[in-house]
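Working notes, structure below.
Right, here's the structure in full:
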């Protein structure tokens with residue numbers, strides 16, 4: 072005890088290790104707390120940076136320097152617009168650009184690398200104006216950006232009624248975020264006016280193109296019975312191939328627009344909407360019904376798609392087809408609504424290939440149909456509203472804008488970010504580098520001339536629409552409408568007597584029937600239908616010269632219509648021309664003369680046979696002389712029109728044959744190369760190497776890496 076009292080600090084010394092351990096623990100805890108605090112600060116900074124980026128993107132949408140005047144321009148133009156004209160839709164799509172890193176001298180900033188440019192455009196759904204309002208790079212349209220755009224437009228007095236986009240993955244993500252789906256809602260509440268909705272539309276031409284691609288690739292299946300899980304194929308590539316072979320495989324075609332290109336659909340043709348619309352058309356449906364008795368379901372599918380697409384692509388008040396008229400216009404409203412309902416039912420019931428679920432193109436079509444019906448019902452409460460042009464609710468205006476940006480500025484069709492900004496500036500101020508103003512040759516009026524201007528646009532003129540209808544009806548009846556000629560009295564030459572026997576010289580030269588009886592030159596019913604259609608086309612073109620050649624289907628007497636003109640009556644809505652029996656007989660005899668005139672002439676094909684197209688000078692003039700000598704009662708202008716038309720048919724047919732020969736030659740060459748490569752591989756495989764060293768030497772000599 073004495074020793075403890077002699078050293079009073081000894082207990083403290085004994086506690087020093089414990090205190091040191093506690094200190095170390097405290098330091099470790101403090102270090103962990105500091106690390107955690109640093110981690111939380113970094114996370115908070117990242118969140119703030121993300122929010123700042125989103126705010127910057129939103130700010131860039133509305134106040135980016137190079138487009139700062141766009142919204143103010145909309146504000147200035149609004150004072151000259153009717154309230155009805157201000158109802159608009161937001162369109163957005165991406166455009167691929169050059170990914171180079173470039174310097175923007177006007178903003179003193181380096182841009183890039185960027186892969187895509189996001190362009191947002193606003194267009195009226197009741198008028199013709201349109202205006203780009205956003206250009207950004209590698210920036211998808213998010214709900215934040217979309218709502219900021221809507222609020223900005225609503226503040227300027229432009230009610231936003233619809234949003235249009237394609238079915239890309241980023242846009243589908245936007246739909247999913249906003250709960251837009253075919254089996255759910257197809258619209259959202261307007262953030263500025265909750266009593267209104269913003270309806271979402273897919274790009275219908277793009278959807279139609281995807282449906283065509285799936286039909287050709289996988290085939291379209293429908294339930295065998297209503298409510299059944301068993302499905303049967305209804306429409307596929309084989310049916311359409313057989314149709315083209317039968318109806319478009321000769322010179323006289325029932326479906327003269329259909330070619331092999333509609334079926335192969337490779338590369339750029341796969342993105343061609345026109346080819347898709349022609350393939351899945353009402354003419355295709357009528358041809359399937361006429362030629363294939365057991366394919367009524369396939370014909371019904373084509374007719375349903377064609378009718379629904381006509382409604383969703385309506386762009387004028389009065390059209391040649393009732394379903395193409397303005398949506399909701401007067402007596403066609405019920406038929407248009409029924410066509411949309413049938414198309415929606417088809418999209419919900421159809422399946423492609425082995426897929427058991429709806430594809431994005433089917434969902435997009437159903438969403439567009441439901442949105443169109445809902446938008447029309449909502450717009451009925453707007454003063455002055457009567458109808459919709461649903462073609463204004465697709466991306467045609469954006470695609471036209473992209474085409475102008477790429478093609479109107481020289482040979483560089485893939486601009487860099489800076490070049491894109493400069494080109495858009497020039498287009499918006501109306502500068503057109505493609506052609507000088509005031510010249511005889513003007514480019515097609517596209518984006519620049521239709522962009523928003525600070526003046527009131529006149530309402531669409533019904534008389535101009537009616538005039539365009541006359542042009543289209545004339546085109547449907549047989550070619551482009553003819554320009555008005557000066558008032559001259561023409562003495563029509565009536566074909567009232569039977570053709571006289573041909574002169575003896577022509578009979579001996581062309582080996583024709585000396586009695587002048589009609590010659591049977593066509594074998595299949597499809598070819599006879601095609602010949603009757605061509606005869607009606609020529610009768611329509613020459614109606615002012617000889618009215619007795621034919622009559623419009625609306626005025627024709629049924630008993631006087633030839634049996635081979637049935638195809639014309641199936642297609643016609645009153646404007647096509649059917650030939651008379653006598654003119655059709657003369658047309659067939661002229662066909663025999665034409666074939667005899669070209670028989671055995673022309674260049675050799677792969678099979679060493681001539682293509683039966685004379686290359687001699689004056690080929691049409693010589694044929695006209697022979698035909699006029701044989702049919703002197705016909706007007707020479709009618710005969711000349713036949714000779715020119717028939718020569719063009721033969722030219723097109725010979726070109727088609729030569730393309731097929733070229734394709735066959737390529738396939739044979741590929742087969743030979745494949746066979747030769749297989750033989751080489753088989754021979755090399757049959758040689759057994761003697762040792763591992765030998766194999767190593769072989770690999771070394773071939774430059775292969777030995778593993």
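Numbering (this note's numbering), first residue to last: 72 to 778. Quick reminder that beta carbons are idealized off the backbone N, C-alpha and C, glycines included. Every value quoted in this text rests on a predicted model; they were computed, and no experiment measured them.
- [ ] Determine contact between the segment 315–328 and the segment 277–292, defined as no fewer than three beta-carbon pairs at a distance below 8 Å.
- [x] The segment 277–292 and the segment 315–328 do not touch, with fewer than three beta-carbon pairs separated by less than 8 Å.
Task: Host beta strand (DSSP E) of residue 206 (start-end) - done: Its beta strand (DSSP E) spans residues 201–208.
Task: N- and C-terminal bounds of the beta strand (DSSP E) containing residue 190 - done: 187–195 is the extent of the beta strand (DSSP E) around residue 190.
Open item on the list: Could you check whether the segment 465–474 touches the segment 138–157, counting it as contact only if at least three pairs of C-beta atoms, one from each stretch, sit closer than 8 Å?
Closed with: No, the segment 465–474 is not in contact with the segment 138–157.
TODO: Report the rounded CA-to-CA distance for residue 618 versus residue 435, giving the unit in angstroms.
DONE: Distance between the alpha carbons of residue 618 and residue 435: 49 Å.
Open item on the list: Just to confirm the assignment, what range does the alpha helix (DSSP H) spanning residue 240 have?
Closed with: From DSSP, the alpha helix (DSSP H) with residue 240 extends over 240–248.
Open item on the list: Does the structure place the segment 186–200 close enough to the segment 157–175 that three or more beta carbon pairs sit under 8 Å?
Closed with: The segment 157–175, when compared against the segment 186–200, does touch it at the 8 Å Cβ threshold.
TODO: From the DSSP output, read off the bridge partner residues of residue 160.
DONE: Secondary-structure assignment with DSSP links residue 160 through a beta bridge to 194, 233.
Open item on the list: Using 8 Å for Cβ pairs, my map puts residue 670 next to residue 602. What's the rounded Cβ distance?
Closed with: Rounded to whole angstroms, the Cβ separation of residue 670 and residue 602 is 18 Å, and the two are not in contact under 8 Å.
Task: Cβ-based burial, residue 379 [other Cβ within 10 Å; buried from 16] - done: Here residue 379 is buried, its C-beta having at least 16 other C-beta atoms within 10 Å.
TODO: Tell me whether residue 702 sits in a helix, a strand or coil according to DSSP, three-state version.
DONE: When DSSP states are grouped into helix, strand and coil, residue 702 belongs to the coil group.
Task: Distance between residue 347 and residue 190 (C-alpha atoms, nearest Å) - done: The straight-line gap from Cα to Cα measures roughly 26 Å.
Open item on the list: So the candidates are 179, 223, 167; which of them puts its Cα closest to the Cα of residue 145?
Closed with: Out of 179, 223, 167, 223 has the C-alpha closest to the C-alpha of residue 145.
- [ ] For residue 182, write down the residues that DSSP places opposite it in a beta bridge.
- [x] Paired residues: 173.
TODO: Check residue 424 in the structure and name its three-state DSSP category.
DONE: When secondary structure is reduced to three states using DSSP, residue 424 falls in the coil class, being assigned neither helix nor strand.
Open item on the list: Checking 8 Å against the spacing of the C-beta atoms, do residue 15 and residue 253 come in under that value?
Closed with: Not covered by the structure: residue 15. The range shown for the chain is 72 to 778.
TODO: My understanding is that residue 496 touches residue 480, with C-beta atoms under 8 Å, so please give their C-beta distance in whole angstroms.
DONE: Separation of the CB atoms of residue 496 and residue 480 is rounded to 11 Å, and the pair is thereby denied contact status at 8 Å.
- [ ] Indicate the three-state DSSP secondary structure (helix, strand or coil) for residue 669 in the structure shown.
- [x] In the structure shown, the three-state DSSP call for residue 669 is helix.
Task: Spatial distance of residue 414 from residue 245 (CA atoms) - done: Their backbone Cα atoms lie some 25 Å apart in a straight line.
Open item on the list: My assumption, with CB atoms under 8 Å, is that residue 270 sits in contact with residue 442. Please give the rounded CB distance.
Closed with: Residue 270 to residue 442, Cβ: 4 Å. Contact.
TODO: Could you pull out every residue in the same chain whose Cβ sits closer than 8 Å to the Cβ of residue 718, ignoring the five residues on either side in sequence?
DONE: Same-chain partners within the cutoff: 690, 691, 694.
Task: Where residue 152 sits in the DSSP three-state scheme - done: Coil, per DSSP.
Open item on the list: Applying the 10 Å Cβ sphere with the 16-neighbour rule, what's the burial state of residue 599?
Closed with: Taking all protein chains shown into account, residue 599 has 16 or more neighbouring C-beta atoms within 10 Å of its C-beta and is therefore buried.
Task: Under the three-state DSSP convention, the category residue 298 falls into - done: Looking at residue 298 - three-state DSSP - the assignment turns out to be coil, as it is neither helix nor strand.
- [ ] Output the distance between the C-alpha atoms of residue 662 and residue 309, rounded to the nearest integer angstrom.
- [x] Each residue's CA atom was taken as its position, placing residue 662 and residue 309 some 32 Å apart.
Open item on the list: Here's the rule I'm using: 16 or more other beta-carbon atoms within 10 Å means buried, otherwise exposed. How should residue 367 be labelled?
Closed with: Around the beta carbon of residue 367, fewer than 16 other beta carbons lie within 10 angstroms, which makes this residue exposed.
Open item on the list: Quick check: residue 168 and residue 188, are their CB atoms within less than 8 Å of each other?
Closed with: Yes, they are a contact pair.
Open item on the list: Pop quiz: residue 375 and residue 417 are said to be a contact at Cβ under 8 Å. What is the actual Cβ separation, rounded to whole angstroms?
Closed with: Indeed, because the Cβ distance is near 5 Å, the residues count as touching under 8 Å.
Task: Distance CB(residue 636)-CB(residue 607) smaller than 8 Å - done: Inclusion of residue 636 and residue 607 in the CB contact set at 8 Å is warranted, their separation being smaller than that value.
TODO: Drop a sphere of 10 angstroms on the beta-carbon of residue 747, count the other beta-carbons inside from all chains shown, and report buried for 16 or more, exposed for fewer.
DONE: Burial check for residue 747: the Cβ neighbour count within 10 Å stays below 16, so the residue is exposed.
Task: Own chain, CB closer than 6 Å to residue 487, minus 5 neighbours either side, in chain order - done: 169, 171, 173.
TODO: Tell me whether the beta-carbon of residue 398 lies closer than 8 Å to the beta-carbon of residue 407.
DONE: It is a contact, given that the beta carbons lie within the stated cut-off.
Task: Straight-line gap, residue 612 to residue 212 (C-alpha atoms, nearest Å) - done: As the crow flies, the alpha-carbon of residue 612 is around 52 Å from that of residue 212.
Open item on the list: Quick check: what's the CA-CA separation for residue 640 versus residue 629?
Closed with: A direct Cα-to-Cα measurement between residue 640 and residue 629 gives close to 10 Å.
- [ ] Would you please state the rounded distance, in angstroms, between the beta carbons of residue 334 and residue 287? I believe it to be under 8 Å.
- [x] For a cut-off of 8 Å, the C-beta gap from residue 334 to residue 287 is around 7 Å, short enough to register as a contact.
Task: Environment of residue 107 [buried if 16+ CB atoms lie within 10 Å] - done: Flag for residue 107 reads exposed.
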